[in-house]
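Accompanying notes for the structure given below.
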Amino acid sequence: MKVLITGAAGFIGSQLAHELWKRHEELILVDDFSYGSKDNLIFDDHDFNDEIVIGDVRDKNLIDKLMCSGNIDYVYHIAGIAPLPDCQSNPQNAISVNVEGTVNILEHSRKYGVKKIVFASTNAMYENETDFPTKENSFTKLPTLIYPNTKYVAERFCESYCKTYGMNITCLRFANVYGPHIDCLRKQPPLVGYMIKELFYNRTPIFHSNGEQRRDYIYVKDLINLAIAVRNSTGFDCVNVSSNQNYSVNELYKIACKIMNKNMTPKYHSSNTFWVKYPQLYDGAYSIKSEILEHEVTKYSLCDNSYAKEKYNWVPQVTIEEGLKKSIDYEISLLEKLESRNDLHE
Ligand SMILES: NC(=O)c1ccc[n+]([C@@H]2O[C@H](COP(=O)([O-])OP(=O)(O)OC[C@H]3O[C@@H](n4cnc5c(N)ncnc54)[C@H](O)[C@@H]3O)[C@@H](O)[C@H]2O)c1
Numbered sequence: 098m099k100v101l102i103t104g105a106a107g108f109i110g111s112q113l114a115h116e117l118w119k120r121h122e123e124l125i126l127v128d129d130f131s132y133g134s135k136d137n138l139i140f141d142d143h144d145f146n147d148e149i150v151i152g153d154v155r156d157k158n159l160i161d162k163l164m165c166s167g168n169i170d171y172v173y174h175i176a177g178i179a180p181l182p183d184c185q186s187n188p189q190n191a192i193s194v195n196v197e198g199t200v201n202i203l204e205h206s207r208k209y210g211v212k213k214i215v216f217a218s219t220n221a222m223y224e225n226e227t228d229f230p231t232k233e234n235s236f237t238k239l240p241t242l243i244y245p246n247t248k249y250v251a252e253r254f255c256e257s258y259c260k261t262y263g264m265n266i267t268c269l270r271f272a273n274v275y276g277p278h279i280d281c282l283r284k285q286p287p288l289v290g291y292m293i294k295e296l297f298y299n300r301t302p303i304f305h306s307n308g309e310q311r312r313d314y315i316y317v318k319d320l321i322n323l324a325i326a327v328r329n330s331t332g333f334d335c336v337n338v339s340s341n342q343n344y345s346v347n348e349l350y351k352i353a354c355k356i357m358n359k360n361m362t363p364k365y366h367s368s369n370t371f372w373v374k375y376p377q378l379y380d381g382a383y384s385i386k387s388e389i390l391e392h393e394v395t396k397y398s399l400c401d402n403s404y405a406k407e408k409y410n411w412v413p414q415v416t417i418e419e420g421l422k423k424s425i426d427y428e429i430s431l432l433e434k435l436e437s438r439n440d441l442h443e
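Here is the structure:
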């Protein structure tokens, strides 16, 4: 099998590359390293740094060059601007990468006959949903924020290419993904990465609202199993990738404290300060509404995964305790490695 993975230096893309490499698949990896890292590409049994192509998914010439051999079986289009406040504070870039970048992949896949595209979509598009657990086909309340809108629109172009040209595309709507390689260093890391880093440095973590907000989490290896299982389905499809089980911030923190043997009481700040590291969102004639921040912080998520179970015989295997333990082990070794080479820029 010949497989192109975009976003291969990121959290999910690097783990997917490793899994497919272990299955002896021929890989073409691409990433512009805007968020990815060389460390993500280093595994105990292989280092992908010499193989990855550094480039932008919006670059027509590059994608043409990578695909023109014409015999790519599968494209995993994982590259994207994932942090919500980054999308919100630079919407032009978010739309350019998440939408135009996707269309560039679609167009070249059409030209060169890619058998199947798997697109990294998100359950964030359910942000205004009120019926739980959320099902793929019954959500009606379209998203508000920039990030989920970019993914929603990119999905519509996937659908357009399937309907117009008979292509095969599955949009996987990931819940909150966690596991080894989750980023703990970016400006606003995802909760699991943030929590581990603060505990590692014995700092009091700051959570927003009261920590009772609940989200649906999925372990990265479970996600990858489904990403492989969907490869041979035809036509256009959207599939939730979720555990159908949610945890509050406080519950996750308690489990992490137990694993790391720490006992710090977190501080709780107002939702209004959630994206305070992005002052441009609060500046200008119109600033971000406090009710939008409150909604984003306290948002409840629970995604129905029965479609993935029925169609692909897929069942998530990893418990939250096991998954957090593996995430913590990886992040600790990474932070220790970065410290030892004096490479932490906090
Ligand atoms: N992590 C989650 O919880 C989650 C949830 C839902 C959806 N997703 C989606 O899954 C995908 C992967 O997420 P992740 O958590 O691994 O994020 P990540 O930031 O770790 O990985 C994304 C990768 O894409 C690369 N990239 C960004 N712009 C690019 C461009 N123009 N050209 C080439 N490469 C580019 C980045 O450098 C990065 O390595 C993203 O599209 C994200 O929106 C993630």
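Residue numbering for the sequence shown follows the working numbering, starting at 98 and increasing by one per position. By construction, the Cβ of each residue, glycine as well, lies at the ideal position given by its N, Cα and C atoms.
Have a look at I303, V215 and I293 and flag the residue whose alpha-carbon is nearest the alpha-carbon of C335.
The shortest Cα separation from C335 among I303, V215 and I293 belongs to V215.
Can you list, in chain order, the residues of its chain whose CB lies under 6 Å from that of S206, leaving out five sequence neighbours each side?
Counting only Cβ-Cβ distances below 6 Å, and skipping sequence neighbours, we find V172 and I214.
Closer than 5 Å from C-beta to any heavy atom of ligand 1: which residues, in chain order?
Here the residues come out as G104, A106, G107, F108, I109, D128, D129, S131, Y132, G133, D153, V154, I175, A176, G177, A179, V194, A217, T219, F271, N273 and V274.
Reducing DSSP to helix, strand and coil, say where I321 ends up.
If DSSP states are grouped into helix, strand and coil, I321 belongs with the helices.
Count the other CB atoms within 10 Å of the CB of F444; is the residue buried (16 or more) or exposed (fewer)?
The structure shown does not extend to residue 444, since the chain is modelled only from 98 to 443, so the question has no answer here.
Counting pairs of beta carbons, one from the stretch 341-359 and one from the stretch 407-421, are three or more of them closer than 8 Å?
Verdict: yes, contact present.
With a threshold of 8 Å, are at least 3 pairs of Cβ atoms found where one atom belongs to the stretch 252-264 and the other to the stretch 286-305?
Verdict: no, contact absent.
So the candidates are I202, E419 and N168; which of them puts its Cα closest to the Cα of N123?
At residue 123 the sequence reads Glu, which differs from the Asn that was named. Ranking the options by Cα distance to E123, first place goes to N168.
Pick helix, strand or coil for V415, following the three-state DSSP scheme.
Three-state result, V415: coil.
Could you give the distance in angstroms between the alpha-carbon of A114 and the alpha-carbon of Q310?
One C-alpha to the other measures close to 33 Å.
Which of helix, strand or coil does DSSP assign to N299?
Residue state, collapsed to three classes: coil.
With H, G and I counted as helix, E and B as strand and the rest as coil, what does DSSP make of L203?
Looking at L203 - three-state DSSP - the assignment turns out to be helix.
Use the C-beta contact count for M222: other C-beta atoms within 10 angstroms, 16 or more gives buried, fewer gives exposed.
It is buried - the Cβ of M222 has at least 16 other Cβ atoms within 10 Å.
State the DSSP-derived secondary structure class of R312, mapped to helix, strand or coil.
It is a strand residue.
From F229 to I429, what distance separates their C-alpha atoms?
Rounded to whole angstroms, F229 to I429 spans 35 Å at the Cα level.
With three or more C-beta pairs closer than 8 Å as the rule, is the stretch 351-370 touching the stretch 416-424?
Short answer: they touch.
In three-state terms, what does DSSP make of I356?
Three-state result, I356: helix.
Please identify the residue among V274, F145, V200 and G133 whose C-alpha is closest to the C-alpha of I160.
The candidate whose alpha carbon is nearest that of I160 is V200.
Which whole-angstrom value describes the C-beta separation of I109 and V127, a residue pair presumed to lie in contact below a C-beta threshold of 8 Å?
Rounded, the Cβ-Cβ distance is 14 Å, inconsistent with contact.
Touching or not, the stretch 268-287 and the stretch 314-330, by the rule of three or more beta carbon pairs under 8 Å?
Short answer: they touch.
Under a Cβ-count criterion, where at least 16 other Cβ atoms within 10 Å of its own Cβ denotes burial, should S218 be classed as buried or exposed?
Buried.
Give the DSSP-derived three-state secondary structure of R438 in the structure shown.
In this structure, R438 counts as coil in the three-state DSSP scheme.
Check the C-beta distance from S368 over to E348 and give it rounded, since I have them as a contact under 8 Å.
19 Å between Cβ atoms; not a contact.
What residue from S437, N360 and C281 has the CA that sits closest to N299's CA?
Closest by alpha carbon: N360.
To the nearest angstrom, how far is the alpha carbon of A191 from that of E197?
So the two alpha carbons sit approximately 9 Å from each other.
Quick one, are the C-beta atoms of N234 and N337 less than 8 Å apart?
No, these two residues do not count as a Cβ contact at 8 Å.
DSSP three-state call for Y397: helix, strand or coil?
Correct three-state label for Y397: coil.
Determine the direct distance from the alpha carbon of E295 to that of V211, and round the result to whole angstroms.
The alpha-carbon atoms of V211 and E295 are separated by roughly 43 Å.
Within the continuous beta strand (DSSP E) that includes K99, where are the two ends?
That run of the beta strand (DSSP E) goes K99 to T103.
Alpha carbons only, please: which of L431, L323, Y365 and S345 is nearest the one belonging to E407?
For the residues L431, L323, Y365 and S345, the minimum Cα distance to E407 belongs to L323.
Just verifying my parser: in three-state terms, what is the DSSP assignment at D156?
Here D156 sits in coil by DSSP.
Grouping DSSP H, G and I as helix and E and B as strand, with all else coil, what is T261?
Three-state result, T261: helix.
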